[in-house]
Structure formats: C-alpha cells, structure tokens
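Read through the structure below, which is laid out as structure tokens, and then see the notes.
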Amino acid sequence: MPANNRDLKTANGKIAPQFYDEITDEYVIAKGEDGAPYYRELGSIAMESWTEANPITTFPGKRYGFSIMNDGTADLSFTINGYIRTVKPGEGYQSLFEPFTSLTINATGAYRAEVLR
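Sequential numbering of the sequence shown, starting at 20, is according to our numbering.
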C-alpha cells in the first residue's frame with residue numbers, strides 16, 4: 020500500500036504494527052518471530068557491490084554502510100559525506116555512516132566494495 024494511503028488493518032479492524040519501506044513506497048506489516056517485534060537495523064541489508072573494473076559511485080536510495088577490501092599494492096582512499104578514510108594494501112574497512120547516496124574512491128589498484136541499506 021503506498022505511503023499516502025490508509026493504514027493496514029487486521030481482520031478485526033485494528034491497525035496492524037507496521038513500518039514504511041521507502042524503497043517500495045509501501046507500508047509493510049511488522050512481523051517478528053516467536054512473539055518478538057519486527058526490527059530491521061539500518062546498514063544491515065547488502066545492496067550494490069563492485070570492483071575497480073566497474074565502479075559504482077551513485078546509488079538510487081539512501082545507503083548507511085560501506086565496506087571495502089584493498090586487493091592492490093598501494094593505499095586507497097574513499098570519501099563519504101566529506102569524511103576521508105585510507106585503507107592500506109591487504110586491509111579491509113567496514114563501517115556505518117549517516118545516510119549517503121554517493122561516494123568517491125581513489126585507487127590505483129584492485130579492490131572490492133559493497134554498500135548496505
């Protein structure tokens with residue numbers, strides 16, 4: 020159901036626990052398991068991944084997490100929200116950030132990268 024429509028209701032007319040999924044533009048009933056409420060941590064869902072051969076720098080929606088593995092022989096750096104990080108050869112980096120829709124990677128060698136929603 021689109022976000023601008025009415026709330027989802029149960030069979031007896033009560034409003035069901037729900038959350039708005041900005042990717043699908045729909046409200047989704049929040050169903051947990053074994054009596055627990057539904058919970059989706061930001062930055063916990065893998066989205067786009069790439070290598071230096073086909074770099075991706077702009078994303079269709081907000082991303083919260085980023086990881087990169089420097090497979091090259093020289094330092095690489097990346098910038099997200101104005102913050103610059105350096106990754107040494109053979110090392111990896113993974114962290115959550117304030118929402119971002121683009122990033123910049125400066126590398127002369129091989130790397131693997133992935134963003135999280």
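Every residue, glycine too, gets a C-beta built ideally from N, C-alpha and C.
Here the structure is a predicted model, which means the values were calculated and not measured.
Residue environment: Y102 is assigned as exposed (fewer than 16 neighbouring CB atoms within 10 Å of its CB, all protein chains considered).
S96 has its alpha-carbon roughly 5 Å from the corresponding atom of N125. Under the Cβ criterion (8 Å, minimum of three pairs), the region 80-100 does not count as touching the region 43-56. In the structure shown, L95 falls within a strand segment according to DSSP collapsed to helix, strand and coil.
DSSP places L135 in the strand class (E or B) of the three-state scheme. When secondary structure is reduced to three states using DSSP, K81 falls in the strand class. Put simply, the region 98-113 does not touch the region 64-78. Fewer than three CB pairs are less than 8 Å apart.
Residue A49 holds the alpha-carbon nearest to the alpha-carbon of Y39 among D90, A49, G32.
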